[in-house]
Amino acid sequence: MIPAERQRIILSMLEDKEICTIGELTDKLAVSHMTVRRDIAKLEEKGRVFSVAGGVQRIESVREEQNHKTKSTQNLEIKLALGRACMPMVAPQATVYLDAGTTTLEIARAIAHREDILVITNDLFIADYLAEHGTCEYYLTGGRIDRGNHSCIGDMAASFISRLNVDVAFVSATCWDRRGVSSPSEGKVMVKKALAAVAKQSILVSDSSKFGRTGTFLGMESHEFDMIITDEHLPQNYKELLLQLDVELVEVQP
1 MIPAERQRII LSMLEDKEIC TIGELTDKLA VSHMTVRRDI AKLEEKGRVF SVAGGVQRIE
61 SVREEQNHKT KSTQNLEIKL ALGRACMPMV APQATVYLDA GTTTLEIARA IAHREDILVI
121 TNDLFIADYL AEHGTCEYYL TGGRIDRGNH SCIGDMAASF ISRLNVDVAF VSATCWDRRG
181 VSSPSEGKVM VKKALAAVAK QSILVSDSSK FGRTGTFLGM ESHEFDMIIT DEHLPQNYKE
241 LLLQLDVELV EVQP
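Its first residue numbered 1, the sequence shown is counted upward by one per residue in the UniProt record's numbering.
Right under this line is the structure:
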């Protein structure tokens, strides 16, 4: 059996289940572990799958994001831990950008008491929280409203961001793979691209459940981040890629 045929079978098996073990693949293909791993590596290069401990998982293509209400109930403990882990990254007198998201809302809660910082956000929930509970100065970008996620997106939001100098930007993710952060929403990607151009330090903050998903529009590539703050469950080969790219990885526990 030629490699292309084996790879088609692997993809077919992953249509029926999210993760296949190396043992399942060697049994099905009647080849060695090394051959299976070579096939997986080729599929990873094409952005079709990613390796997990003892197996392989398919890349999920996302066409529509979950709304804020749904996301706000998921992975609560790790989001709280991620928010706390970001506190030391905010220097005195810093200008801070908080991207829209339920994880970045936890960062807002962690730093809202800081009177010395300036916070900029495109998230309506973050802006509302800072208005009610914060002591910092803050700006809302404005722009077209994404009703599902209660955030400002599109060219007007991106234009506002392009006129800023940001010390540290905390970037959220719905879709994240080896290539970087993407989204099914072109309007959200416009905001991330504008942010990448003006931030002195860009930090991706996301739990690893977002990894292995792709959206149509690429927002920021992996090498554009200075740091990634996540949990301990990223694939090992992606951790190795970050090391090659000189991207600092911070892993937290709930």
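Cβ coordinates follow ideal geometry from the N, Cα and C atoms, glycine included.
Residues of its chain near R144, where Cβ-Cβ distance is below 6 Å and the 5 sequence neighbours each way are ignored: I153 and G154
For T95, the residue or residues it bridges with in DSSP: L118
Pull up the distance between the alpha-carbon of E137 and that of I117, whole angstroms please. 7 Å
Environment of residue 279 [buried if 16+ CB atoms lie within 10 Å]: This structure gives no information on residue 279, because the portion of the chain shown stretches from 1 to 254.
First and last residue of the uninterrupted alpha helix (DSSP H) at V191: E186 to V198
Between the C-alpha atoms of Q57 and I78, what's the straight-line distance to the nearest angstrom? 22 Å
Quick one, which of P254, Q253, D231 and E224 has its alpha-carbon nearest Q244's? E224
According to DSSP, M220 sits in a beta bridge with which residue or residues? V181
Under 6 Å Cβ to Cβ from K188, same chain only, skipping five residues before and after it: list those, please. I153
Do the region 30-46 and the region 215-231 touch if we need at least three Cβ pairs shorter than 8 Å? no
Taking DSSP's pairing of strands, which residues face I203 in a bridge? F170 and M227
Buried or exposed for N165, going by 16 or more other Cβ atoms inside 10 Å? exposed
Alpha carbons only, please: which of K46, S51, G47 and E45 is nearest the one belonging to L25? S51
With a Cβ-Cβ cutoff of 8 Å, do D246 and Q201 count as a contact? no
Please report how far the alpha carbon of G65 lies from the alpha carbon of F160, in whole angstroms. Per the sequence shown, the amino acid found at residue 65 is Glu instead of Gly. Approximately 24 Å, taken between the alpha carbons.
In this structure, what does DSSP give as the bridge partners for F50? Q57
Quick one: Cα of V181 to Cα of F211, how far? 9 Å
State buried or exposed for L76, treating a residue as buried only when at least 16 other CB atoms are found within 10 Å of its CB. exposed
Nearest candidate by alpha-carbon position, reference K18, set T95, A158 and S61: Here residue 18 turns out to be Glu, not Lys, going by the sequence shown. When each option's Cα is compared against that of E18, the closest is S61.
Quick one: grab the DSSP three-state call for V36. helix
Close beta carbons around Q93, own chain, < 6 Å, minus the five adjacent residues each side: D116
The alpha helix (DSSP H) enclosing L80, as first and last residue numbers: L76 to C86
Restricting to Cα atoms, I'd like to know which of I228, N122, G148 and S209 is closest to M190. N122
By Cβ distance below 6 Å, which residues in the same chain neighbour A85 in space, the five residues on each side in sequence not counted? I229 and V252
Measure the C-alpha to C-alpha separation of residue 256 and G54 and round it to an integer number of angstroms. Outside the displayed range of the chain (1 to 254) lies residue 256, so it cannot be described from this structure.
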